[in-house]
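J.: Sharing a structure with you now.
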Amino acid sequence: MKIEVNLSLRRLKLFDRKGVYGVYPVAIGKPQTPTPEGYYYITRKIINPGGILGSRWLELSIPSHDGPYGIHGTTQPWSIGKAVSNGCIRMYNHDVEEVFRLVRIGTPVIIVRDD
1139 MKIEVNLSLR RLKLFDRKGV YGVYPVAIGK PQTPTPEGYY YITRKIINPG GILGSRWLEL
1199 SIPSHDGPYG IHGTTQPWSI GKAVSNGCIR MYNHDVEEVF RLVRIGTPVI IVRDD
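Take a look at the structure:
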């Protein structure tokens, strides 16, 4: 499995060995706290992380002094498709639950911007 997040399209693609497995809308970081572009991997998986993180948390290997970045669910579904987060990638809970089930720690995550 591999994850690609396109910040411009606000879309997450999940790939398996055969190609694109699924495409999901996401929220990304606002201009003041942008989602970092680059090549990362999943370092931790948490079920029901609490708070605004929704039903699942996939922590990313993005270096940070302000706390971890991740792909997570949300208690604010209206935010999906917008640039409103503090840098994390938000998904609808039902979508992140599917992705969570299919990926493992170490799964590559590529974050790009196609402007």
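Residues in the sequence shown are numbered consecutively from 1139, following my numbering.
For glycine and all other residues, C-beta sits at the position ideal for the given N, C-alpha and C.
Because the structure is a prediction, the values reported are computed rather than measured.
(1) What is the C-beta distance between Gly1192 and Gly1211, in whole angstroms, given that I count them as a contact (C-beta under 8 Å)?
(2) Residue range of the beta strand (DSSP E) that His1210 falls in?
(3) Just the Cα atoms here: how many angstroms apart are Thr1173 and Ile1248?
(4) Per the contact definition of three or more C-beta pairs closer than 8 Å, is the stretch 1195-1206 in contact with the stretch 1214-1223?
(5) Are Ile1224 and Thr1171 close, meaning C-beta to C-beta below 7 Å?
(6) My output table needs one value for Leu1191: the three-state DSSP class, helix, strand or coil.
(7) If Met1139 sits next to Val1241, beta carbons under 8 Å apart, how far is it from one beta carbon to the other, in whole angstroms?
(8) Helix, strand or coil: which one does DSSP assign to Glu1175?
T.: Well, looking at it:
(1) Position 54 of the sequence shown, counting from 1, holds the residue named residue 1192. Position 73 of the sequence shown, counting from 1, holds the residue named residue 1211. Yes, they are in contact, since the Cβ atoms of Gly1192 and Gly1211 sit about 2 Å apart, within 8 Å.
(2) Stepping through the sequence shown from its first residue, residue 1210 is reached at position 72. Gly1208 to His1210 is the extent of the beta strand (DSSP E) around His1210.
(3) Position 35 of the sequence shown, counted from the start, is the residue given in the question as residue 1173. Position 110 of the sequence shown, counted from the start, is the residue given in the question as residue 1248. Distance between the alpha carbons of Thr1173 and Ile1248: 12 Å.
(4) no
(5) Indexing the sequence shown from 1 puts residue 1224 at position 86. Indexing the sequence shown from 1 puts residue 1171 at position 33. Residue 1224 is actually Asn in this sequence, not Ile. Yes, the Cβ-Cβ distance between Asn1224 and Thr1171 is below 7 Å.
(6) Here residue 1191 is taken as the residue at index 53 of the sequence shown, counted from 1. Helix at Leu1191.
(7) As a working note, residue 1139 is residue 1 in the sequence shown. As a working note, residue 1241 is residue 103 in the sequence shown. 5 Å between Cβ atoms; contact.
(8) As a working note, residue 1175 is residue 37 in the sequence shown. It is coil, neither helix nor strand.
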